[in-house]
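Okay, structure first, notes after.
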Amino acid sequence: MDISHLLDDLNEVQREAVAAAPGNMLIIAGAGSGKTRVLTRRIAYLIETGQASPLSVLAVTFTNKAAHEMRGRIEKLISAPTRGMWVSTFHSLAHRLLRTHWREAGLPQGFQILDSQDQYRTVRNVLKAMDLDETRWPPRQVQWFINSKKDEGHRPKHLDGSSDAYQERMIRIYQAYEEACQRGGLVDFAELLLRAYELWLGNEQLLAHYQHRFHHILVDEFQDTNAVQYAWLRLLSTSDNTMFVVGDDDQSIYGWRGARIENIQRFTSDYSSCKTLRLEQNYRSTGTILTAANTLIANNDGRLGKNLWTSGEEGEPVLAYNAFNDLDEARYIVEECRRWQDKGCRRQDIALLYRSNAQSRVLEEALIAERIPYRVYGGLRFFERAEVKNAMAYLRLMINRDDDASFERVVNLPTRGIGARSLLLVRDCASENNLSLWAAAHKLIDNKILKARAANAIMTFFTLVDSLADAAMSLELHEQVEHVLAQAALMDHYRREKSEKAQMRVENLEELVTAARQFNVAALEYDDDMDPLSAFLAHAALEAGEGQADEWEDCVQLMTLHSAKGLEFPVVFMCGLEEGLFPHQLSIDEPGRLEEERRLCYVGMTRAMRQLYMTSAESRRLHGNETYNQRSRFIDEIPEDLVNEVRMTRQVKQTAYASDLIPAFDSDHVIGGLKLGQRVMHNSFGEGIVLNYEGQGSHARVQVNFDQLGSKWLVLAYANLQSL
DNA sequence: GCATGCAGCACTGCA
DNA sequence: TGCTGCATGC
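Final position of the first sequence in our numbering is 725; the numbers increase by one with none missing.
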């Protein structure tokens, strides 16, 4: 078999990795160093040289995007069909195992996945049932506690709360939450992984089967594995099979999700025969961008050490723009987008990256105003929209009547006369008798505890769900969805609603039918006989609906820095580089978390191929109120000679904030010799920047954001400001 | 039981 | 800013 096409265009280290003799390997792969290429070529090499059959390959990644891309690339490389080869994310892998071995895993056959929204609601219900005050036991905190324990592999029974009353109570809540999930046949994201691990741990035969099957285990983004994932991989690997793991400690950005960067170091000691290779040649970015990123990341301690280099051109300096507010920042960015576009750059080659989703709005508004098409990744995704989740709740109940999360969602939607009082009875009955809500409601009706009216209403609901499930037998997937929308009167419900969003909701429901029609069970790689509806529900929970509509239209790309990982763009704007926003306020005081922010910055910078922009704003409207922040330390950590400060070229023409406070002004307008955005000096407050003004003559006041003291309004006549 | 309006609150990132 | 819970009136 000719394998030259797999090796010819690789550099020396890449080739060494791809064609290495069997054995455990750790590849430290810098950003843009051809990591995915090495991984896919390695798989193709193993198969084409006859060392592996597709059946014996297990390749794991973290995101669906990466998994799809990997499979696609492998398919192009090899002649054999890739069927039977497992290429997927940790979560869908775990899900698949649990589906196949639901009995051994102690789950009902129709178990459903809880996304974090569902999990939050479930936690709240548990707190309610335990009669705990939400202000003392914030559901978010409880949720975080549960997830972090699961990520560590701890069940309530493993935890000791005897020394700490708070801890003790948290453990009891965790316990109660687990019982609620078990009752409802519900599995959250962390549970998928933990259960899959326990499934193998407690089942030698089963484990042996998979150990025997997967001779070649390949892991992407290894730095993002958490304790359970690592333990799971450890279980699977024996002396007979080999691990090929690829990672970059500098790109570990999921510590908050339990990822353990030290798993990389551990790997080399746990697998003593392991060979380590470093991919340091970068094929993506200009020399300037790489040096800037390298210098930045050098501020972190305890790195494995790595220096990216390129044989390509030096390129342009990083452009830094310090806007005087977020609107000005957005205006600058959009203007630059326009310039690139005019120069012939495709819109999809431009990415606007930000730390948190809330930042997208101002950018979107500016793009809309300039009529530049854009696409936002992440944020509220398709399958997370309320109306879509409601429809999905009916579908889930059809498969699993005990799904309490779904029951709560739609038992009275559209309203059918089941009010808070009746539901309270149902919930009480459920927790007293350890029943699901569905079963508890049945019991209440059988025992004639509910009033006739409420009982009838609930009966209507029962009949509806049962008949939907019956009808589903003979319908195609998308017809099932249509049937639900019609029979449960969801479509009518939203058609009647007269809010502005109603139209949108109706369209989303129509889109859901389309999504069901296009959904291809084969795409999920389930070779067992999972029914299409179950597969669709799992797909919705695990894939939240990225890649809906418009994917191919030429659009400017907007996304968080986290979701940009693994992607590359010729032109990248990193927005909102301000202390408190990036690095985020919640991470600033802890060295470990600050370093993770810095790695996130590193990830962002290394997305850029040709031109990198880093923008910031003196003031910003966030969550409804104005904040004033210093420019991010990350910009200062880049060598000055690699950065070009863009000076403000023009003032904003108008502002969209409270227009009653801020009069419109034109660019030539000068107040008392000062302009907006101008730096000034005050005798006692020090230096600052003019943000705003109001009034005229002797009443004129200016708002100045002082570097040390923050923002103040000053009467111009007394302030004695010196312009700088 | 249900629709509506308002006050209070929270809010990083993701499968 | 946007969601949630609660009070209100029907």
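Heads up, the beta-carbon is just placed ideally off N, CA and C, and yes, glycines get one too.
With 16 other CB atoms within 10 Å as the buried threshold, where does A18 fall? buried
May I have a chain-ordered list of the beta strand (DSSP E) segments no shorter than 3 residues that lie completely inside the stretch 176-210? You should have 187-189.
Extent of the continuous alpha helix (DSSP H) to which S437 belongs: S437 -> no alpha helix (DSSP H), and no H or E assigned at all.
So, S270 versus D225, is the Cβ gap smaller than 8 Å? no
Assign W201 to one of two classes, buried (16 or more other C-beta atoms within 10 Å of its C-beta) or exposed (fewer than that). Classification of W201: buried, given that the 10 Å Cβ count is 16 or more.
With respect to the alpha helix (DSSP H) encompassing T296, which residues constitute its N-terminal and C-terminal limits? G288 to I298
Kindly confirm or deny that the stretch 272-287 and the stretch 72-84 touch, where touching means at least three C-beta pairs closer than 8 Å. no
Candidates D590, E13 and A30: which alpha carbon is nearest L305's? The shortest Cα separation from L305 among D590, E13 and A30 belongs to A30.
Could you check if A659 is buried or exposed, using at least 16 other CB atoms within 10 Å of its CB as the buried criterion? Low local confidence applies: a pLDDT of 32 at A659 is under 50, so the model's placement there is unreliable, with the coordinate-based value given in what follows. Exposed: under 16 other Cβ atoms inside 10 Å.
If you run the structure through DSSP and keep just helix, strand and coil, what is E646? It is a strand residue.
For the candidate residues K390, L364, G111 and L99, whose alpha-carbon lies nearest to that of D119? K390
For R632 versus N323, is the C-beta spacing smaller than 8 Å? Going by C-beta atoms, R632 is nearer than 8 Å to N323.
Going by DSSP in three states, T239 sits in which element: helix, strand or coil? coil
Contact under 8 Å by Cβ, A352 with A565: yes
Kindly examine the ligand HEM and report whether one of its heavy atoms sits closer than 7 Å to the Cβ of E433. The ligand HEM is absent from the structure shown, which contains no ligands of any kind.
Tell me the residue span of the alpha helix (DSSP H) that contains V143. P140 to E153
Beta-carbon gap between H585 and R356 smaller than 8 Å: yes
Buried or exposed for G689, going by 16 or more other Cβ atoms inside 10 Å? buried
What do you reckon, are the CB atoms on R38 and F245 nearer than 8 Å? no
Using a 10 Å radius around the Cβ and a threshold of 16 neighbouring Cβ atoms, would you call V716 buried or exposed? exposed
Identity of the residue in A539, N521 and G605 nearest M560 by Cα: Closest by alpha carbon: G605.
Distance, Cα to Cα, L291 vs L27? 23 Å
Outcome for I1 when other beta-carbon atoms lying within 10 angstroms are tallied against a minimum of 16: This structure cannot settle anything about residue 1, because the visible part of the chain is limited to 2 through 725.
Restricting to Cα atoms, I'd like to know which of R104, F707 and A392 is closest to R506. A392
Pick from G35, E409 and T50 that is closest to V127, judged by C-alpha positions: E409
Paired residues, beta bridge with E627 - DSSP: R622
Hey, how far is the Cα of H624 from the Cα of D9? Near 53 Å, if we compare the C-alpha coordinates of D9 and H624.
Helix, strand or coil at T226 [DSSP, three-state]: coil
Reference M399, options L478, S93, W103 and N65, closest by Cα: L478
DSSP three-state label for N323, please. strand
Figure out for me which residue from S617, V644 and H102 has the closest Cα to the Cα of Q206. H102
For the structure I just gave you, are there three or more beta carbon pairs, one from the stretch 332-341 and one from the stretch 570-582, closer than 8 Å? yes
Are the beta-carbon atoms of A363 and L396 separated by less than 8 Å? Rather than Ala, the amino acid found at residue 363 in this sequence is Val. Contact flag unset, no.
Hey, is the stretch 81-89 in contact with the stretch 41-55, meaning 3+ C-beta pairs nearer than 8 Å? Contact between the stretch 81-89 and the stretch 41-55 is present: three or more C-beta pairs spanning the two stretches fall below 8 Å.
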